[in-house]
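In my numbering, the protein residues as written are 185 to 465.
A virtual CB, placed ideally from N, CA and C, is assigned to each residue, including glycine.
Keep in mind it's a predicted model, so treat the numbers as computed, not measured.
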């Protein structure tokens with residue numbers, strides 16, 4: 185290979201990195217924090233964690249349209265950064281639960297309250313639930329332990345990820361279809377091909393209708409009649425009564441949330457078949 189051919193090959197392999205930091209991506213992240221995340225917290229609490237809002241995708245789709253009206257197309261780097269920033273949204277539901285549990289009737293009944301350390305949950309005498317705030321000195325030990333463990337676990341995950349990258353990507357070159365979903369979606373959404381967007385719109389409409397029937401109708405019926413009725417069982421249709429006599433200890437049910445089936449359209453069919461056979465075994 186001549187020197188000129190080598191230079192051409194090097195230029196073909198050269199990756200040009202572009203920054204995704206822009207006013208559009210920053211405004212999008214702030215919009216999601218102040219508009220979408222409060223709604224996500226509310227729905228999480230109302231459904232017991234069974235339903236949530238894909239805040240990242242809502243924000244990304246919304247600002248993709250905003251960028252078009254501004255006369256520019258959002259770049260892949262901006263879309264990736266916006267998706268990452270919104271995905272870092274932190275919901276302190278577990279802290280609220282721990283504070284409630286330490287003061288709950290269950291903890292008092294089993295005499296657990298005196299043995300829960302202050303770094304796990306605020307003490308009952310702090311009346312933190314009545315104050316309704318996460319900005320109080322009694323939270324300092326809880327935050328310290330949480331973030332110290334989070335940093336430690338993150339460092340371990342990064343180290344293991346680098347090791348796994350060399351083993352499974354560089355050496356064995358195994359496919360990871362679930363990881364490719366986000367990158368492929370960003371490439372499609374920021375591209376010019378309209379066919380995938382029409383498919384996304386159709387699937388989103390189906391999901392909206394199903395979600396409204398599954399989660400929205402019971403709350404609407406309760407608001408109008410005062411009675412909560414589940415038209416479709418949540419989170420699954422329990423079929424244990426049909427097998428408990430012949431297969432004691434086994435579980436059988438049909439999930440009613442579409443999230444349970446979305447992964448099956450992404451991973452290869454042999455993997456899905458193997459998971460199905462393993463669940464039966």
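| said: I'd like the span of the alpha helix (DSSP H) that includes residue 437, first residue to last. | reply: Careful: residue 437 lies outside any alpha helix (DSSP H), inside the beta strand (DSSP E) at 437–439.
| Can the beta-carbon of residue 214 be found closer than 8 Å to that of residue 244? | Going by C-beta atoms, residue 214 is not nearer than 8 Å to residue 244.
| said: Please tell me whether residue 208 and residue 246 are closer than 8 Å, where the distance is taken between their beta carbons. | reply: No, they are not a contact pair.
| query | Hey, residue 227 and residue 362: beta-carbon distance below 8 Å or not? | reply | Cβ atoms of residue 227 and residue 362: not closer than 8 Å.
| field | Inter-residue Cα distance where the pair is residue 242 and residue 407 | value | Between the alpha carbons of residue 242 and residue 407 lies a gap of roughly 27 Å.
| Nearest-angstrom beta carbon gap, residue 398 and residue 418 [assumed within contact, 8 Å] | Going by Cβ atoms, the distance from residue 418 to residue 398 rounds to 7 Å, so yes, they are a contact pair.
| task | Use the C-beta contact count for residue 212: other C-beta atoms within 10 angstroms, 16 or more gives buried, fewer gives exposed. | result | Per the 10 Å Cβ criterion, buried.
| What three-state label does DSSP hand residue 474 in the structure shown? | Only positions 185 to 465 of the chain appear in this structure, which leaves residue 474 out of reach.
| query | For residue 404, is the classification buried or exposed, using 16 other Cβ atoms within 10 angstroms of its Cβ as the cut-off for buried? | reply | Exposed: under 16 other Cβ atoms inside 10 Å.
| said: Please tell me whether residue 438 and residue 461 are closer than 8 Å, where the distance is taken between their beta carbons. | reply: Cβ distance not < 8 Å, so residue 438 and residue 461 don't count as in contact.
| query | Run through DSSP, which three-state label would residue 394 get? | reply | DSSP places residue 394 in helix when its eight states are reduced to three.
| message | Using a Cβ-Cβ cutoff of less than 6 Å, which residues in the same chain neighbour residue 206 once the five nearest sequence positions on both sides are dropped? | response | Apart from sequence neighbours up to five positions away, the residues of its chain that approach residue 206 with a beta-carbon distance below 6 Å are 262, ordered along the chain.
| message | At the level of alpha carbons, what is the spacing between residue 416 and residue 239? | response | Residue 416 and residue 239 have their alpha carbons spaced roughly 25 Å apart.
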